[in-house]
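Chemist: Residue numbering for the sequence shown follows UniProt numbering, starting at 725 and increasing by one per position.
Note that the Cβ used here is the ideal one computed from N, Cα and C, for glycine as well.
Here you go, one structure.
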Amino acid sequence: AKENGRNLSQFFTTQMNDEANERRALETALHQALEREEFVLHYQPIVDARTSELVSCETLLRWHQPEHGNVYPDKFIPLAEDTGLILPIGAWVLEKACFEAVNWAKKIKNPPNISVNMSSRQFQRTDVVALVRDTLQKTGLDPQRLTLEITESLLIVDDKKIVQQLHDVRKLGVGLSIDDFGTGYSSLSYLRRFPITTLKIDRAFILDLTTDEEAAAVVSAILSMANSLHMKVVAEGVEELEQLNALREGGCDYIQGYYYSPPVPIEAFRLMVQKEGPL
Ligand code: C2E
Ligand code: CA
Ligand code: CA
Ligand code: CA
């Protein structure tokens, strides 16, 4: 048993070292990723639930790291947040997305809007209002076409400075959307205090929507709450026709998910933009 114990503790320290080493290697690589132009944006369609027309998209960050291969955001965003690198990365994402959205408007009459994920750290550590204002000015994007996706955790802190930033961003004409809605803690009265335009129902509820009564109840509560607060609703992670039908019946405004399309590289997304009509 003693020997087993030693082997086990050796195993754990080796494994922990590996993890720490991997993290350090990733961190070093992350520092150079921006200047080496290793980031790309993918775009996932957001469609009108009734007409299936492309009305918007969410930008999702991808890192093509030469040594580690394609690294997904769940792995490097937390690291970028810990190191502060999320600030220059987030600024890059916003600018890239806005320039791209301006390009679509040169080619077609009703170009899709664009949603950009914002880290809470950006609100805590930089002047997001100045960043957004400057980026809109630099790119020439119509503010009405831009939505920032934030998480409930940003609202729960209830920091006066953050609440003020949200109001100021909203005053620029930019939309504000709550990501992964339903997973955090937000009551109706609580939401009213923030200038939110859109709720994005978390994928977990959509996954169980047609098989679990509780998930269905949460979704229908979100839909009626959003309706009475004059907010729009996006359902995330819609993969099945049955889910789509249930959401349509419930009056959900917009749909995002593999049923229509996964996030795709820019070339593929441009083709969808040019096609117009239902997706
Ligand atoms: P999120 O904002 O909740 O993004 C939605 C995630 O769900 C994306 O994962 C997307 O690829 C995935 N997804 C979309 N439709 C479906 C579906 O039908 N089924 C399934 N199974 N998954 C679907 P992804 O691209 O790996 O991004 C993960 C998270 O990383 C995002 O979650 C977001 O929190 C963060 N992230 C991505 N890009 C950025 C960025 O530019 N800035 C910041 N701060 N965070 C980002
Ligand atoms: Ca999001
Ligand atoms: Ca989400
Ligand atoms: Ca998420």
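Using only the alpha-carbon positions, how far apart do Gln868 and Gln846 sit?
Modeler: Roughly 21 Å separates the two Cα atoms.
Chemist: Using only the alpha-carbon positions, how far apart do Cys976 and Glu964 sit?
Modeler: Computed Cα separation, rounded: 15 Å.
Chemist: Using 8 Å for Cβ pairs, my map puts Thr907 next to Ser839. What's the rounded Cβ distance?
Modeler: Actually they are not in contact, since the Cβ atoms of Thr907 and Ser839 sit about 18 Å apart, beyond 8 Å.
Chemist: In this structure, does DSSP put His788 in helix, strand or coil?
Modeler: Here His788 sits in strand by DSSP.
Chemist: Which of the three DSSP states, helix, strand or coil, is assigned to Glu812?
Modeler: For the sequence presented, residue 812 should be read as Pro rather than Glu. In this structure, Pro812 counts as helix in the three-state DSSP scheme.
Chemist: Is residue 669 helix, strand or coil when you go by DSSP?
Modeler: The requested residue 669 is not part of the displayed model; the chain covers only 725 to 1003.
Chemist: Answer yes or no: do Glu762 and His792 have a C-beta to C-beta separation smaller than 7 Å?
Modeler: In this structure, His792 does not lie closer than 7 Å to Glu762 by Cβ.
Chemist: For Tyr978, which residues does DSSP report across the bridge?
Modeler: Beta-bridge pairing links Tyr978 to Asp772, Val958.
Chemist: So if DSSP puts Glu759 in a beta bridge, which residue, or which two residues, is it bridged to?
Modeler: Beta-bridge pairing links Glu759 to no other residue.
Chemist: Within the segment 869-933, note down every full beta strand (DSSP E) run reaching 3 residues or more, in order along the chain.
Modeler: Entirely contained in the segment 869-933, the beta strand (DSSP E) runs reaching 3 residues are, in chain order, 870-875, 899-905, 922-925.
Chemist: Just to be sure I understand the criterion: a residue counts if its Cβ is closer than 6 Å to at least one heavy atom of ligand 3. Which residues meet that?
Modeler: Going along the chain, the residues that qualify are Asp903, Asp904, Lys924, Glu960.
Chemist: When we look at the beta-carbon of Gly899 and count the other beta-carbons within 10 Å, is it buried (16 or more) or exposed?
Modeler: Buried, because 16 or more other Cβ atoms sit within 10 Å of the Cβ of Gly899.
Chemist: If you check the beta carbons only, do Val958 and Ala950 fall under 7 Å apart?
Modeler: Taking 7 Å as the Cβ cut-off, Val958 and Ala950 do not qualify as a contacting pair.
Chemist: My understanding is that Asn837 touches Ser780, with C-beta atoms under 8 Å, so please give their C-beta distance in whole angstroms.
Modeler: So it is a contact: roughly 4 Å between Cβ atoms.
Chemist: Does DSSP put Gln739 in a helix, in a strand, or in coil?
Modeler: Helix, per DSSP.
Chemist: Indicate the three-state DSSP secondary structure (helix, strand or coil) for Ser985 in the structure shown.
Modeler: Ser985: coil per DSSP, three-state reduction.
Chemist: Using a threshold of 6 Å, is the CB atom of Glu963 nearer than that to any non-hydrogen atom of ligand 1?
Modeler: Yes, the Cβ of Glu963 comes within 6 Å of a heavy atom of ligand 1.
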